[in-house]
Structure formats: structure tokens, C-alpha cells
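Protein chains in written order, with the working numbering: chain L, 1 to 212; chain Z, 1001 to 1212; chain Y, 2001 to 2330; chain E, 3001 to 3330. Backbone N, C-alpha and C define an ideal beta-carbon position, used for all residues, glycine too. First comes the structure, then the notes that go with it.
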Amino acid sequence: MDTAVFRAWIVSAAAVIEANRDHLTQLDAAIGDADHGVNLARGFAAVTAALDGPAETGAPATPGAVLTLTGSTLISKVGGASGPLYGVAFRRAGKALGAAETVDLPLLADALEAALAGVQQLGAAREGDKTMVDALAPATRAFGKAIAEGAPPDGALSALAEAAAAGAAGTVSMQARKGRASYLGPRSVGHEDPGAASTALILAALRDAATR
Amino acid sequence: MDTAVFRAWIVSAAAVIEANRDHLTQLDAAIGDADHGVNLARGFAAVTAALDGPAETGAPATPGAVLTLTGSTLISKVGGASGPLYGVAFRRAGKALGAAETVDLPLLADALEAALAGVQQLGAAREGDKTMVDALAPATRAFGKAIAEGAPPDGALSALAEAAAAGAAGTVSMQARKGRASYLGPRSVGHEDPGAASTALILAALRDAATR
Amino acid sequence: MKKLINSADTVVTDALAGVAAAHPGLAVDVENKVILRAGGPKAGKVGLVSGGGSGHEPLHGGFVGYGMLDAACPGEVFTSPVPDQMLLATRAVNGGAGVLHVVKNYTGDVLNFQLAAELADDEDIEVASVIVNDDVAVEDSLYTAGRRGVGATVFVEKIAGALAEEGADLAAVAAVAREVNERSRSFGVALSPCITPAAGKPTFELDDSEIELGIGIHGEPGRHRGPMRPARELAAVALDAIAADIPLDGDLLVMVNGMGGTPLLELYVMYREVASYIGARGGHIARNLVGNYITSLEMQGFSVTVCGLTAELTRLWDAPVDTPALRWGR
Amino acid sequence: MKKLINSADTVVTDALAGVAAAHPGLAVDVENKVILRAGGPKAGKVGLVSGGGSGHEPLHGGFVGYGMLDAACPGEVFTSPVPDQMLLATRAVNGGAGVLHVVKNYTGDVLNFQLAAELADDEDIEVASVIVNDDVAVEDSLYTAGRRGVGATVFVEKIAGALAEEGADLAAVAAVAREVNERSRSFGVALSPCITPAAGKPTFELDDSEIELGIGIHGEPGRHRGPMRPARELAAVALDAIAADIPLDGDLLVMVNGMGGTPLLELYVMYREVASYIGARGGHIARNLVGNYITSLEMQGFSVTVCGLTAELTRLWDAPVDTPALRWGR
Ligand SMILES: Nc1ncnc2c1ncn2[C@@H]1O[C@H](COP(=O)(O)OP(=O)(O)O)[C@@H](O)[C@H]1O
Ligand SMILES: Nc1ncnc2c1ncn2[C@@H]1O[C@H](COP(=O)(O)OP(=O)(O)O)[C@@H](O)[C@H]1O
Ligand SMILES: [Mg+2]
Ligand SMILES: [Mg+2]
Ligand SMILES: [Mg+2]
Ligand SMILES: [Mg+2]
């Protein structure tokens, strides 16, 4: 997967977030403060603009640079809890890719591991706390497992996206222990976590971009 | 008509106002500030209490004293536009009755004239301005006319009450030039004036008390 | 109706008990419904008394204190107080230099203050009255109740209060109060009705695309109903109406007032539009207020009040004031 | 949704332009969304920076000025600001004595301020942070996001700001800020939801007999839904919850805060009930605030915040303050 694939991923992630802006915001209205879709849409709009790069430096030249720029831009534009968390996730993933011109499955797996580690280090959420971790962690595991079993790219990427979607769906029955939803205590049960939902959307966009 | 009749009038006027409290307030909500029924009910409740008189002086002993006490109490308890206006009306009527032990139709007519004069002097409203004057003025005229034509008490009092009711109904088509309703300009047309409505109720109570 | 009250009948006296508990600088006669400065009348100082229906807080009780009012008489919600309250207040604040009644132009307020002034006169207390009538939504006419008194009341009470604090006589204090009123105009817009505790129902119904233009401060509908519009256009509607009556040039005192249920965030958006409208017409906003100063319970909406300043009026506006709702300089 | 705005996207920057126009004592960077005191940093004075989502006005921008904050960073409505804003503010207020970040305990605010502090550290600016977490509706636990920061933020900013104004060092200012937070507890009740401009829909639905108990300041539902009750009972619900956490005896600083859409008349009714509850339990309200200080847009409801005072904290509370929303002593 080359730089073009990673650009395509981020661009279609931005499109998917924009398309689901109100849906994500309504999920957040139920157990949060009704801004998750708005926050991410604002951030990813800035990312797509930034991807064409500042006049001086030009567009990012490597997959790693694409993700690092994505992360930095999200930190600067999103705010809220998800801004720093997604920002750190993309920045850590970008760093993990280093200067590689093309990315193979194992390297992508390392990047996802690094992203997950960054989110958990910053946010201290564990699986079951009803956060984006509940989509990102199982997705990362499933991707690693598929690779270990010798799955082809599209198979591994489908496993990634499906595990993320299943993980997001699984947050419905959880009681939140982290983030705003935790203030609702038992009342947080029965609603899908908005950040887990957006993570599933972003990883589905990765599968589509990489298997196109 | 003796002191007992005038007491009975005021007591039943209080009851009728209380019964129509919400109706009068809703009329006021449409073209005013939704307090006329509440104001008058508060005032007349205080009047009925006051009618038993302060321990020292005892209950008012003459028809004039009943009306003067009614007026003073309304001024002290009602507030708004209708408090001073009804207060002055009853006080002027009471003064007009002087120390008379019993009141005949001509003397009652004088009292009503005095009440009307007091309202117009204080409020400067003329007929057609969409105020209580549009009930009180025609009622006073009809009463005087009936007496001049030699009508018996119940006939004259019915003429009084009917003219008041007709006058109140007539305010529906008027554009207010006085009071809060005047702020609505043309939008005040199509609603009955709350003060005219309460005047009609109070004069109907007079008829009932005097012809019982 | 959901309100933070114990009962509709006791809302005014319960709130007065709260004012008494919260503000040691005030002396509140809860039973007779009079709010006074603690420490009694100041000998030789003109006393300032205002009053009107409750539901407009902080007006008037929130403006009792050094440099502003000496007493406020709150009536029931949206109902003018009674002469007994006004007489009590007038007696209590009379320091021998006479008393100014600041009266908003509503029939009820005017008539009750008039009866109170007659009673005070019987007691040889010198009383002057100023009628505030700044609302341009209502045209002034001899044959009607005339323009309503709204936002300018805040300006009149602050500036006349400052002059009285300096020891000016009753004629001078009344004169400056009238000058401020004459130089001031207001216009109000409602996005929602309000509910009086006693009525328990909204004073009118508005759908999600409609607003009331030219409202007063008693939850009444306005002169017209119209479609909702952006802040910039609403500012222009209000200021066009004001500019038709007074010039918007020179030094101005401008208040963007919330009706009670509108967030401060939106009032600042409105202030921005008001300021750019006035700036574009060569006016200079020398002093301003942005916030809830004269309200209609929980009504959503705003009003704009503009007063043409003179050097003297600016000086009096800047003079120290120390009340629950307006405080600076001490 | 009817709001006094030009568009949902520009509401925060439009309001900031209004703040800039209204308050000459402030220097507002509208583009970067930072509110500063005019006149730059005071050499040798600890700088105080706070920030958070917009929609809570007057918090925080209304508390920037002498004796309180040096800078505020408003985010989008109910969304914490970004590190870039906080870094700009931190640089701008650094007078060489370091900068205190006053952070309400929400994951977003905490994480963004944490990233900003790291960036400031790269620039060798000494930064300390105090996390405000006074909301007793949320139980505190290592494994959760912990208690929310609500009303105590106003107390922390006023008292720490006063000590900083006196020239205390960063450690001392941070210590008093933490002391105030530890001594303070709050509880909030909503009678209605609110509507964020971006969402355009109410954050929850409540019927005419229901209320939300244990709410925060972001329009979120509370811990429980319950039936509407009289003011006296609502005061008891809030204060029972607070009393379970801190003693209500001795000298207290008490705020009865409106959520934005509740009339001042009702807040005084609530204050009366709060004062009598505390009085009956032997507490003494030495200082108080009644009004809208930390809001959720147009939400109707109230919160109560109680802080146990010491002589030193009372002295710092009484120290002169000159901000748009809190002013006394000058
Ligand atoms: N401590 C945390 N660790 C991981 N994810 C978190 C944490 N706190 C919140 N989140 C995620 O952030 C999402 C909310 O994001 P957003 O609504 O944009 O921010 P905010 O809650 O500040 O309004 C939640 O749905 C959750 O998935
Ligand atoms: N100038 C006036 N002359 C005569 N009656 C008046 C005048 N102004 C108002 N009213 C009467 O008072 C009524 C309103 O009374 P009320 O609602 O109790 O007082 P307010 O208008 O102060 O709320 C009106 O319906 C009208 O009949
Ligand atoms: Mg959110
Ligand atoms: Mg009325
Ligand atoms: Mg009234
Ligand atoms: Mg948020």
C-alpha cells in the first residue's frame, strides 16, 4: 500500500464521517453532549485541506507523513475528548510507519498496535469501558490474527473492519466507565458509544481504500 | 335597598369574580398580561374579609360605608390598572350614597354616575377605547333611562346588567386605545376586554343581590 | 408549567425573603413588599423610589443601593404594586429633600404611583415623578396609553441615582431623569412567550419559525408577528425602528438586554451586530451593557436600548454604583 | 430551534467579536479564540488560564480581568478547546512566574490542556494544573472519568486569581486553587433540556412533570429522572447530596446558580430555601452569589455550590475583582 492508498483512506474517512455527522452527533446526544459528529467532521474537513500540504513543503510524501499530518491536524481542530485521542492514534501510527514508501500487512499491524497503545496511554480506558477502545482493540487483534493465519490483504482488512463494527455494536450493552457517558452511570447502558461507532467507520474506510 | 343588600352584592360579586378568575385571566392573556382575574380575585377576597370590619369599628353600617370600604380595599390589594380604577369607582359611589340607611333607585343611579365619572377622571378613557368604561357607561345610561321611564326596580336593574353585558360584548370589535391592549394596535381587535367583562359580572351581581 | 417555586401565591414574597438573605446591604420588608437600602434615609439626599410588577428582575430591586435607587416596590408578577407599598417606601427614603418616583409608563404603574403621590402629599412629603416611555414599538399619542417604559428605566435609575448621591435637589434629579428618558429609545423582540406562575399557561403561542416584534416586558405579544431571522437582520429591525426616532450619532450608551431565557452567548452575538450597525452609521458606543437587566421571566428574546450621551450624562453613568445587579467604582 | 445567531458555525466567533466590542478591558483574539486582559502579561505575576467549551457564559471569558483570570480559551459549544488555543494563551500570560491552568474535570478538557502543557514545557514555560471536580452527582473513582467540574470553578478562579494578583508564586496559587476545589461541592437540577446550535435538537426530552437530577453543564441528562417538586424539596435534594460529602457548618460560601433559562426571581426563591436549609443545620452563609455564572445555554434549572471558608479564603474572596461578570472593590 503506497502513499496514494493512505491519502485515499483519509479522504474517504473524511467523507464517511461527514456523511455520518448527524448520526454520530445523535449517538452523542443520548449519552454525551451532542457534538461528536460535529467535532470529527470539522477535524477531518481540516485534514483533507491540509493533505494538499502547505505551499512550502507540499503534500506529505510517505504513508507515515500522511497519518502524522492527519493526527496533528485532528489535535489542532477537533477538541473534545476525541480530538487528542484520534490525534495521538494517527500520529503514533504515522511514526510507526517511519519513512516507508509502501506498507505491507505486518507494518500496518504494527501501526494499529501503536495507535491503540497511544489511545490507552492517553485516555487510560480499557476494553469494556464503552469507548473507542472497544472498537479499536478487537479490530487490531483480529487483523493480527488474520495475518498470522496467512490471510490475503482483503481478508485481513475485512476482518479488521468487521471486528471494529462488532466491537462498536458491543458497546450498546456496556455501562460507561470513561468519558462523558460515565456520568450517566447505569443510564449509559443501551446506547452505542459514538467514538466506537466513528472508529468502526474510519477502519471500514481503510478496508475500502486498501482493497479498491 | 339596605346595608344587607349592598353587603350581599359585594359578597356575590367576589364569588362571581373568583368563579371567573381563570376566564378573566385568559381574556387578559390575549391582549394584556394575563393577570386581571388573579388581580381582582385577590382584591375581592380581601374585601370580603374586610367587610366583617376591624375589631374596633366593626362592620360598615351603611350602604355607603360598604362601598367605600370595598373601594379602599381594592386600591390596597389589587394593583395593576384595574385596582385604582375599580377602587375609585366604589369609593366615589360610596361617597355619593352618603350616610343613607337605605338606597332608592335614583340615589343608586347617582352613585353609578359618580363611579363612572371617577373612572374616567382617573383613567381618561372614553367610550370606544375598549375598557371597562365600555360596560360601565352604557349600563349607567340604561339604568337612568329605565328609571326615567318609571321601570320597577327589577326592570331597571335588569336593564343595567344587560347593557353592561352588551357593552362588554361590544368591546370585541374595538381597537384598544387605552390600557395594555392598546400596545397591540390592530391586533387588539377580536378579543373581549377583560375589564369590561369583569364590570359586566359585577353589575350582574348587583342585579341579583337587589332583586333577590 | 415547571418553575422553581413553592407556590404561585408565594413566589414574590419567597423571592423577597431570598433577596433579604442574600444581600446584607438591603433592608427588605417582606410582608409589605418594599426593598430599601440598609441604614435608613440619608439626610438631605433626594430619595429615589421605583417599582412595578415582579418578573423583570433584576429590575427594580437589583438596582437598590449606593448610587442608584433608595427603594423598590415589587408588585405581584406583571402587576403593578399598590399605593400602600409606594407610600411606605416614600416615607422610608425621605431624607427631607423630597422623593423622586421613577415610573414606567403603564396605566397600572402610573395610576398607583399617582394615588401614592397624593397620599404622600397629604403627609407633606415632596414628591416628583418621572414617567419612562422609551419603547418605539408603540407610537406616542395623546389619545392612547402612549409608549411603554422599558430599558431606559435602567439608565434613568442609574444616572438620576448618581446625581442624587451627589446631593443635587429634587428638581435637578427629576430633570436629569427626564433628560435621560427623552434621549433614550428601545425596541424588543421575543423568540418565545413566558408563563406567569398564576396563569400557568404561555402568554401566547409561537411556532418554531415565528417571532414577535415590538414586545414589551409583560409577556404580551408584540406589534407584529414575523419569521425568524439571523441576528444581523434582527439587530437591523430593532435599530431601524430606533433610528427613526432618535439620531444614532455621537456618543451613545447602548444596552443589549436579554428577556430572561436567552443565553449570554447569543446576547454577545446580538451586541456584535448592534455595534456594527451603529458603527456603520457613524455612531460611537461610549458605554454599554450586555446581559439580563429588565426581563420577562423566562422569555427568550432581546431588547436594544440606545441613549444619546452628553459629557455630564457620561460622568454620571461612570459614577460609583453598588447594587446587587450593577456595581462599579466601589 | 430559534437562536439569536447568524449561523451555527460562526456563533462562537461572532460572540467573541461581541465580547471584544463590549469590553475595552479585554484583548480578544477572535480568530484564534483566546480572551486576554488588555495590556499584556504582568511581569512576575503568575498567569491564570482557563478554558472549556462555549455555552457556559459568563464562564470563562466573563471572568477574565483584574483579580481573576488572565486568559480564557473558549471551544466550540460544549466542546473543549484545542491545545493550540491553550498554548497561545499560556505564552501570552506568562510574566515569568509561570502559568496555572484551571481545568474542569472532563476528559476532553483534561487531555487538551495536558497536551498544551507539554507544548508549553517544550518552550520552558512553567505550567501547573488544577483539576476542578466538585460535582457530587458523580461518584469519584479511579476507574471512571471521576467527578465533573462545575460551580466550584467560579470560586477557584476568583480566589486563586486574587492570590496571584498579590504576587504569590505558582506553587502557592496552585495550592489555594486545590484547597478551594477540595472544600467545594455542587449539585445541579434541570427543568428543561437545551439545544446546541450545531445539533439543533434538544439534548433530551422531558415532560411537564419531570426533571433531571444530578446534571452537569453540557445539556446531558442527569443521574436520575424524577417528578417536579417544590423549591423547598429541590433545595433539600441538592443539599442532602452535598452534605453527604462535606460538612455544612462554619462559614460557607454558597452559590445558587441558574442554568441559563431560569428567571432570577426563581433563583432568589431557591436561595431562600438553600439558606434556610443550611441555617437549620447550623451553617453560616458568610458570602453568596445568586445568578447565572456557569450555564448550559438556555437550559432551565439551577445548581448549588457550597465551599467551606477559612479566614484566608474569605479575605481572598473579598479582594477586589474587575471582570465583565464579577466586579467589586474597584
Ligand atoms: N478516556 C477515554 N479513552 C478512550 N476514548 C474515550 C475516552 N473518553 C472519551 N472517549 C471517546 O470519545 C468519545 C466522545 O468524543 P467527543 O464527543 O468528540 O468528545 P466529548 O466527550 O469531549 O464531547 C466517546 O464516545 C468515547 O468513545
Ligand atoms: N385608562 C383606562 N381607563 C379605564 N379602564 C382601563 C384603563 N386602562 C386599563 N383599563 C382596564 O383595566 C383592565 C386591565 O386590568 P388589569 O389586567 O388588572 O391591569 P393591568 O393592565 O395593569 O394588568 C383592562 O381590561 C381595562 O378594562
Ligand atoms: Mg461529545
Ligand atoms: Mg393585566
Ligand atoms: Mg398587570
Ligand atoms: Mg463535547
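Item	Value
Length-filtered (3 minimum) beta strand (DSSP E) runs lying within the segment 3065-3114 of chain E	3071-3077, 3099-3104
Heavy atom of ligand 5 within 8 Å of R1021/Z beta-carbon	no
Amino acids of chain Y, ordered along the chain, whose beta-carbon sits closer than 8 Å to that of D1134/Z	By Cβ distance, chain Y contributes nothing, its closest Cβ being about 15 Å from D1134/Z, past 8 Å.
Any C-beta of chain L under 9 Å from that of R3144/E	Sequence inspection shows Thr at residue 3144/E; the Arg mentioned does not correspond to that position. Yes - at least one Cβ of chain L is within 9 Å of the one on T3144/E.
Run of the alpha helix (DSSP H) containing S3141/E, from where it starts to where it stops	Per DSSP, S3141/E belongs to no alpha helix (DSSP H) and is neither H nor E.
Contact set between N3003/E and chain Y, taken where Cβ atoms lie within less than 7 Å	Reading the sequence as shown, one finds Lys at residue 3003/E and not Asn. Those are E2266, listed as they occur along chain Y.
DSSP three-state assignment for E2210/Y, whether helix, strand or coil	strand
Nearest-angstrom beta carbon gap, G1195/Z and H1036/Z [assumed within contact, 8 Å]	7 Å
First and last residue of the uninterrupted beta strand (DSSP E) at I3131/E	3127-3132
A3027/E versus Y3293/E: straight-line alpha-carbon distance, rounded	21 Å
Inter-residue CB distance, D134/L and D208/L (contact presumed, cutoff 8 Å)	About 22 Å separates the two Cβ atoms, so there is no contact after all.
Bridge partner(s) assigned by DSSP for A1109/Z	Answer is none; A1109/Z lacks a bridge partner.
Cβ distance (whole Å) where V1066/Z is taken to contact L1085/Z below 8 Å	Contact flag wrong, Cβ pair sits at about 19 Å.
Contacting positions in the segment 1173-1194 of chain Z - beta carbon closer than 7 Å to chain Y	R1177, K1178, G1179, R1180, S1182, Y1183, L1184, G1185, R1187
heavy atom of ligand 6 below 8 Å from S1198/Z C-beta	no
For A2008/Y, the nearest candidate out of D3121/E, G3226/E, V3290/E, L3265/E (CA to CA)	L3265/E
Identity of the residue in V3130/E, T3314/E, P3324/E nearest I3159/E by Cα	T3314/E
With 16 other Cβ atoms within 10 Å as the buried cut-off, status of Y2143/Y	exposed
Buried or exposed (CB count within 10 angstroms, at least 16 for buried), E2057/Y	buried
Straight-line gap, I3242/E to M3255/E (C-alpha atoms, nearest Å)	13 Å
Cβ neighbour criterion (16 or more within 10 Å) applied to P63/L	buried
Partners in chain Z for Y1998/Y, counting only beta-carbon separations shorter than 8 Å	Since the first residue of chain Y shown is 2001 and the last is 2330, residue 1998/Y is not available in this structure.
Where G3261/E meets chain Y, residues with beta-carbon distance less than 7 Å	G2261, E2298
Supposed close pair S2303/Y, G2188/Y - CB separation, criterion 8 Å	4 Å
Boundaries (first-last residue) of the beta strand (DSSP E) holding H1036/Z	H1036/Z -> not in any beta strand (DSSP E); alpha helix (DSSP H) instead, spanning 1036-1051.
Reduced DSSP category for F2187/Y - H, G, I as helix; E, B as strand; rest coil	strand
Cutoff 9 Å: L2016/Y Cβ touching any chain E Cβ	yes
9 Å Cβ cutoff met for G3067/E and P3320/E	yes
The segment 88-101 of chain L in contact with the segment 3116-3131 of chain E per 3-pair CB rule at 8 Å	no
Secondary structure of L2036/Y, DSSP reduced to three states	strand
Residue from G1185/Z, E1127/Z, P1186/Z, R1177/Z whose Cα sits closest to the Cα of A1164/Z	E1127/Z
Cβ neighbours of D2/L in the same chain (closer than 6 Å, five flanking residues each side left out)	T102
Endpoints, the alpha helix (DSSP H) within which I2285/Y is located	First-last for I2285/Y: 2283-2291, but that is the beta strand (DSSP E), not the alpha helix (DSSP H).
For V3306/E, three-class secondary structure by DSSP	strand
Inter-residue Cα distance where the pair is A59/L and R7/L	10 Å
The alpha helix (DSSP H) enclosing A3164/E, as first and last residue numbers	3152-3165
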